[in-house]
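In the UniProt record's numbering, the protein residues as written are 1 to 272. We put the CB at the ideal spot given by N, CA and C, even for glycine.
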Amino acid sequence: MEEAESGYRVAVKPSARAANEAVESFVGERGEQVDFTSEAQADAVARRLSTAGETPVGVQCAAPQDPTPVDAYLVADPERRTEVPTGSAESGLTFDVSGNQYGALGEALVLSRRRDPPLLTHVVREDPALDLSPGETERLHVVVDTDPEPVCCVDPETGERREWRPDCRAVASLGADGRTLTEYWCEVKTGAASFQRGQRAAMETKAREAPVLAIRVDVDDLPDSYTARVERVSPADGDDPVPNGDGGTMVVRSSTEGAQGGTREGTLDEFT
């Protein structure tokens with residue numbers, strides 16, 4: 001795994017070294033602070049070390065007020081089971097919820113509607129920089145792009161390249177085919193999730209040329225785990241082709257309240 005030229009610095013916590021021999025070996029090779037190209041690369045290394053060692057480890061973002069010049073920490077994470085479930089096909093398959101899934105939940109609430117999403121549309125209507133008239137407000141449309149180009153900048157203090165991948169670019173216009181008023185670049189965080197140092201630097205740089213929105217979604221009672229039951233639907237009688245061509249389709253039912261589940265055959269009428 002090559003170290004980064006610029007992007008995502010992770011410090012290894014002593015607890016992770018003590019709990020996982022593979023982490024101790026990794027520190028011997030790379031040191032107590034390691035630069036990665038991205039958070040995704042750091043997560044991939046954490047998964048590899050978790051598989052190689054006895055105790056799982058994970059990447060935990062540094063708090064904004066943390067004086068240590070790192071983006072995240074590699075920490076021991078013995079209780080989380082986000083990839084391999086507990087339970088069985090008979091009793092139900094239960095997975096722990098990961099931080100990325102919490103983040104995806106907040107993004108879904110804000111961005112699931114690609115056209116005129118309620119929160120962003122309200123923000124645009126109330127934007128004093130636009131000063132929309134009542135008539136213009138009625139004609140306002142907001143279209144969301146959830147895969148915009150990354151934003152890059154160079155940290156003036158360190159000379160390091162910083163990158164931010166916005167969760168969305170929201171384009172505001174008047175009328176379905178009207179003139180573009182402006183576009184907003186947005187980052188969505190759920191709960192207490194923090195902004196990475198690289199994100200903050202790139203967001204502040206982008207804000208010099210376009211509106212940048214930091215959106216924090218507070219969700220009460222986030223689930224710690226979820227249980228899913230998977231059932232194979234029996235094909236209908238007759239010669240009609242089945243959807244996946246191999247004798248049935250797969251249907252998934254999930255619950256955050258521990259509904260029992262597993263994998264078995266059944267009909268859609270039985271899937272309750």
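| request: Consult DSSP for Gly106 and reduce its assignment to one of helix, strand or coil. | output: In this structure, Gly106 counts as helix in the three-state DSSP scheme.
| query | Where does Arg169 fall in DSSP's three states? | reply | Correct three-state label for Arg169: strand.
| field | Uninterrupted beta strand (DSSP E) stretches inside the region 149-217 (no shorter than 3 residues) | value | Taking only runs of at least 3 residues, the beta strand (DSSP E) segments lying wholly in the region 149-217 are 151-154, 161-164, 168-174, 180-190, 212-217.
| Is the beta carbon of Val57 less than 8 angstroms from the beta carbon of Asp77? | Result yes, Cβ atoms of Val57 and Asp77 sit closer than 8 angstroms.
| Reduced DSSP category for residue 285 - H, G, I as helix; E, B as strand; rest coil | With the chain running from 1 to 272 in the structure shown, residue 285 is simply not present.
| query | How do the region 227-239 and the region 134-145 stand: do at least 3 beta-carbon pairs fall below 8 angstroms, yes or no? | reply | Result no; under three Cβ-Cβ pairs closer than 8 angstroms.
| query | For Phe26, which residues from the same chain have a beta carbon less than 7 angstroms from its beta carbon, with the 5 sequence-adjacent residues on both sides left out? | reply | Answer for Phe26: Leu49, listed in chain order.
| Where do the N-terminal and C-terminal ends of the alpha helix (DSSP H) with Glu90 fall, by residue? | Careful: Glu90 lies outside any alpha helix (DSSP H) and carries neither H nor E.
| query | Beta carbon of Asp145, beta carbon of Arg169: below 8 angstroms? | reply | When the beta-carbon positions are compared, Asp145 and Arg169 come within less than 8 angstroms of each other.
| field | Residues near Tyr184 in its chain [Cβ-Cβ closer than 6 angstroms; skip 5 each side] | value | Around Tyr184: Ala170, Pro211, Leu213.
| Helix or strand or just coil, what does DSSP make of Asp77? | Asp77 falls in the coil class under three-state DSSP.
| Within 10 angstroms of its Cβ, does Ser20 collect 16 or more other Cβ (buried), or is it exposed? | One detail in the question is off: residue 20 reads as Asn in this sequence, not Ser. Classification for Asn20: buried.
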